[in-house]
Amino acid sequence: MSNTLAVAAVTSTLRYLLEQALGGSQPGPVGSARVTTLHPAKLADRDEPELPKGINVFLYQVSPNPTWSLADLPARRDDGSLMTTPQAALDLHYLISCTRDDGELDAQRLLAGAALALAVNPVLARDLVSAALAHYADDVATMFLAEADLADQVELVKLAPASLSLEDVSRLWSVLGTPYLLSLTYTATVVLIQADVALQDALPVRERAVTVA
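Per numbering that gives the first Met the number 0, the sequence shown starts with residue 0, numbered consecutively.
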């Protein structure tokens, strides 16, 4: 299981994965492109030339995972004491947006590269997660990732493209409060966050009675 840094660790791993894709050899590379984790409204501010352009990873929704959420039930005894360590099983929904010069079709080239990188890596392998967390742990803003243990989670996080209808896309960008940017949506399944609590041992068996009927 993972600690409470798991969600940030998944986002950082996606960022790292896309940064590696930008640095790799590919036809028609987009120069000076970066991978960010900003709110999309900041990417649409054309009046601010200093804002980074490139691929943006934004976690726009979190939902309970229906399968793993029921895996540890019941978690308590009749007296309320814990039988098993409680866990939160979450699915993460990401918006991958691309911005750059429309005249040079930069956003389209960036989006194709991002889609290919995520298709090549549909599972966040343990070595990939470890490399990403070690990379960003050297940054002052994200040094907390050194304490993340996502790489040790029993279930590997898997990525799948999420197909949204035109109506869903319209609602999403309306909620974000910004004009539409060329984008894709992905779902990361599953993040298992476990509480660090002490369990109460069950009372020992004083007597066994076996009856055959």
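Even for Gly, the Cβ is constructed at its ideal location relative to N, Cα and C.
Using only the alpha-carbon positions, how far apart do Thr98 and Gln193 sit?
Computed Cα separation, rounded: 37 Å.
Segment contact flag, the segment 155-162 with the segment 56-68, C-beta cutoff 8 Å, min 3 pairs
Contact fails: fewer than three Cβ-Cβ distances are below 8 Å.
Less than 7 Å between C-beta atoms, sequence neighbours within five positions excluded: which residues of the same chain meet that for Asp137?
Once the five neighbours on either side are set aside, Asp137 has no close Cβ partner at all.
Under the rule that 16 or more other beta-carbon atoms within 10 Å means buried, what is Leu69, buried or exposed?
The Cβ neighbour count for Leu69, taken over all protein chains shown within 10 Å, is under 16; the residue is labelled exposed.
Can you tell which of Thr10, Pro178 and Leu4 has its C-alpha closest to the C-alpha of His92?
Checked all of Thr10, Pro178 and Leu4; the closest Cα to His92 is Thr10.
State yes or no: is the C-beta of Ala5 within less than 8 Å of the C-beta of Leu149?
Yes, the pair counts as a contact, with Cβ atoms nearer than the cut-off.
Could you tell me which residues DSSP puts in a beta bridge with Lys157?
Lys157 pairs with Val122 and Thr188.
Start and end residues, alpha helix (DSSP H) containing Gln19:
DSSP places Gln19 in the uninterrupted alpha helix (DSSP H) bounded by Ala5 to Gly22.
Local conformation of Val211 per DSSP, three classes:
Coil.
Looking at the unbroken beta strand (DSSP E) that takes in Arg33, where does it start and where does it end?
Counted as a single uninterrupted DSSP element, the beta strand (DSSP E) harbouring Arg33 occupies residues Arg33 to Thr35.
Over what stretch of residues does the beta strand (DSSP E) that includes Asp90 continue unbroken?
That run of the beta strand (DSSP E) goes Gln86 to Cys97.
Under 8 Å between C-beta atoms of Leu109 and Gly53:
At the C-beta level, Leu109 and Gly53 come within 8 Å of one another.
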